[in-house]
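If you want the working numbering, it's the position in the sequence shown, counting the first as 1, plus 416.
All C-beta atoms in this analysis are idealised placements derived from N, C-alpha and C, irrespective of residue type, glycine included.
Data block below; observations after.
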Amino acid sequence: MPETTDRFPKQLKVILTLLDGNGHTAQELSEIMGTTRRNTYYFIRQLESCGFNVVHERRLYRIHPLSPVLDAIYPTVSFTNDEALYLYGLLNAVGRQNAMAGLLLRKFERFYDIERFQKVKYSRKNYINTISLEKAIKHKQLVILHDYASSHSQTVSDRTVEPFCFLGDRADIRAYEISSKKNKTFKISRIGKVEVMDAPWFNEAEHHKVYTDLFLFSGEEQRHVVLRLDLLARNLMLDEYPHSEKMLRADGEGFWIFETDLVRYEGISRFMLGLAGHVEIIESDDLRRFMDKEIKRLVDHRRQLLGGEIPTDRDDNALMGDGKIRKGLNI
Numbered sequence: 417m418p419e420t421t422d423r424f425p426k427q428l429k430v431i432l433t434l435l436d437g438n439g440h441t442a443q444e445l446s447e448i449m450g451t452t453r454r455n456t457y458y459f460i461r462q463l464e465s466c467g468f469n470v471v472h473e474r475r476l477y478r479i480h481p482l483s484p485v486l487d488a489i490y491p492t493v494s495f496t497n498d499e500a501l502y503l504y505g506l507l508n509a510v511g512r513q514n515a516m517a518g519l520l521l522r523k524f525e526r527f528y529d530i531e532r533f534q535k536v537k538y539s540r541k542n543y544i545n546t547i548s549l550e551k552a553i554k555h556k557q558l559v560i561l562h563d564y565a566s567s568h569s570q571t572v573s574d575r576t577v578e579p580f581c582f583l584g585d586r587a588d589i590r591a592y593e594i595s596s597k598k599n600k601t602f603k604i605s606r607i608g609k610v611e612v613m614d615a616p617w618f619n620e621a622e623h624h625k626v627y628t629d630l631f632l633f634s635g636e637e638q639r640h641v642v643l644r645l646d647l648l649a650r651n652l653m654l655d656e657y658p659h660s661e662k663m664l665r666a667d668g669e670g671f672w673i674f675e676t677d678l679v680r681y682e683g684i685s686r687f688m689l690g691l692a693g694h695v696e697i698i699e700s701d702d703l704r705r706f707m708d709k710e711i712k713r714l715v716d717h718r719r720q721l722l723g724g725e726i727p728t729d730r731d732d733n734a735l736m737g738d739g740k741i742r743k744g745l746n747i
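Given below as C-alpha cells:
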C-alpha cells in the first residue's frame with residue numbers, strides 16, 4: 417500500500433507534464449517517475465487505455481488536449497472545433513501585440529490544436545473538407561472526393577477513397593483509392609467537396625503511410641540508422657539540417673549519437689562521404705552495404721575520368737583494400 421501511495425503522485429506529475437503542451441522524451445518521464453523506460457512505456461499504454469490520447473512524435477510524448485477523458489472532465493467549458501477556430505480568428509484580428517489577446521491565442525493553440533490550421537491558407541471550403549476528412553479517419557469511413565482536379569491526369573473526377581492520415585501540415589490527405597487499389601496523396605485544395613459515406617473501410621491492411629525523412633526523401637518504408645559523429649560532423653549536421661537536433665544525443669566527450677529513420681540512404685551517404693573519418697556507422701548493415709557500393713561507384717567513376725590508365729592495382733588497394741574511405745567511414 418505505501419508503495420502504491422508513493423507511486424501515485426509521481427504518475428500524476430507525469431500526466432501533468434504530458435499536458436504542458438511540450439513534448440517529452442521517455443527518459444525525462446522515467447526520471448520523473450523514478451523508474452525504468454520499460455515501466456514508463458507500460459504506464460503510457462495504461463494512459464491510452466484510460467482515454468488519454470498520447471501523441472508520439474519524433475521520440476517525444478505529449479497528451480493531446482482533446483483526449484476523450486479530458487472531454488469528459490470539462491464538457492461545459494470546452495468549445496467545438498468550429499467555435500474554437502472562429503474565436504481564434506477574432507483574436508488574431510486583434511493581434512498578438514495586445515497582451516490579453518496574445519495570452520488567449522496561446523491557450524487556444526495549446527488546448528484546441530489550432531496549429532493544424534495555421535500553416536495552410538484555409539478557405540471555408542478547405543476547412544469544411546478537412547473537418548469531414550478528419551471525421552472519416554476517426555470513424556474509419558469511406559469518402560467520395562467530388563470534383564477532384566488532378567494535375568497528373570489533367571482530369572476532374574470523383575474519387576472513392578479510404579482516407580487514413582494527413583500530410584504536409586494538413587495540406588494533403590493520404591488515402592487508399594478503391595478503383596486503382598493504390599495508396600495515393602490528394603491535395604485538399606483540389607477537392608471540390610468531401611462526402612462521408614455510411615460505409616466502413618474494408619482495405620485497412622493495404623493502408624501505407626508516406627514518410628519524409630530528414631533529407632526530404634519520401635516513401636512508404638523507413639530504415640533505422642544509428643551513427644556516431646565527432647564534433648565537426650555534429651556541427652555540420654546541425655548547420656545543414658537544423659531539425660536533426662532532436663535526433664542527436666551526447667555520447668562521451670566530443671562525440672554524439674545520431675539516431676533516426678530514413679526513407680533512402682542517398683542523403684546520409686552524401687553527408688558521410690564528405691566527412692570520412694568523422695562518422696561511424698553503429699547500427700544498420702543495409703547502410704554499410706549501401707556505402708560499400710557507393711565507394712566502389714566512386715572508384716569506377718575515378719577510373720573513367722582518368723581514362724582507365726590509373727588508378728593502378730596498387731592505387732585500388734590503397735583506396736579500397738585497407739580502405740582509406742572505408743576506414744574513414746568505419747564500415
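Alpha-carbon to alpha-carbon, residue j and residue i
i, j, result
"residue 712", "residue 689", "12 Å"
"residue 608", "residue 452", "51 Å"
"residue 565", "residue 611", "16 Å"
"residue 593", "residue 516", "47 Å"
"residue 696", "residue 644", "5 Å"
"residue 600", "residue 682", "24 Å"
"residue 429", "residue 436", "11 Å"
"residue 615", "residue 558", "6 Å"
"residue 461", "residue 521", "31 Å"
"residue 541", "residue 718", "56 Å"
"residue 471", "residue 440", "10 Å"
"residue 704", "residue 642", "11 Å"
"residue 500", "residue 524", "7 Å"
"residue 570", "residue 639", "35 Å"
"residue 672", "residue 455", "26 Å"
"residue 595", "residue 602", "15 Å"
"residue 652", "residue 662", "15 Å"
"residue 691", "residue 480", "40 Å"
"residue 544", "residue 655", "40 Å"
"residue 634", "residue 583", "11 Å"
"residue 660", "residue 549", "31 Å"
"residue 555", "residue 486", "19 Å"
"residue 670", "residue 687", "19 Å"
Close beta carbons around residue i, own chain, < 6 Å, minus the five adjacent residues each side
i, result
"residue 484", "467"
"residue 722", "none"
"residue 623", "580, 592"
"residue 563", "572, 608"
"residue 737", "Confidence is the limiting factor: at residue 737 the pLDDT is only 41, short of 50, which leaves the residue's position unreliable, though a coordinate-based value still follows. Closer than 6 Å at the Cβ level, and outside the excluded window around residue 737, lies no residue."
"residue 464", "470"
"residue 442", "453, 456"
"residue 576", "560, 594"
"residue 503", "none"
Classification of residue i by the beta-carbon crowding that lies within 10 angstroms, buried from 16 upward
i, result
"residue 474", "exposed"
"residue 415", "For the chain, the structure presents residues 417 to 747; residue 415 sits outside this window and is missing."
"residue 438", "exposed"
"residue 424", "exposed"
"residue 519", "exposed"
"residue 628", "exposed"
"residue 694", "buried"
"residue 665", "exposed"
"residue 726", "Caution is warranted here: a pLDDT of 48 is assigned to residue 726, below 50, making its placement in the model unreliable, and no coordinate value can be reported."
"residue 431", "exposed"
"residue 578", "buried"
"residue 588", "buried"
Sequence-distant residues of its chain with Cβ nearer than 8 Å to residue i (five each side left out)
i, result
"residue 657", "630, 631"
"residue 551", "557, 612"
"residue 625", "580, 581, 590, 636"
"residue 444", "433"
"residue 427", "449, 459"
"residue 507", "517, 520, 521, 524"
Paired residues, beta bridge with residue i - DSSP
i, result
"residue 690", "Per DSSP, none; premise fails for residue 690."
"residue 671", "646"
"residue 609", "562"
"residue 431", "BP columns for residue 431 are empty, so no partner."
"residue 635", "627"
"residue 479", "470"
"residue 651", "BP columns for residue 651 are empty, so no partner."
"residue 603", "588"
"residue 641", "676"
"residue 582", "589"
"residue 440", "477"
"residue 575", "561"
"residue 664", "674"
Sequence-distant residues of the same chain with beta carbon closer than 7 Å to residue i, five excluded per side
i, result
"residue 685", "706, 707, 710"
"residue 613", "557, 558, 559, 560"
"residue 546", "586, 604"
**Prompt:** Does the stretch 613 to 622 come within contact of the stretch 636 to 654, defined as at least 3 CB pairs closer than 8 Å?
**Reply:** Using a Cβ-Cβ distance cut-off of 8 Å, the stretch 613 to 622 and the stretch 636 to 654 are not in contact, since fewer than three pairs of beta carbons, one from each stretch, lie closer than that value.
**Asked** Do the stretch 673 to 692 and the stretch 700 to 709 touch if we need at least three Cβ pairs shorter than 8 Å?
**Response** yes
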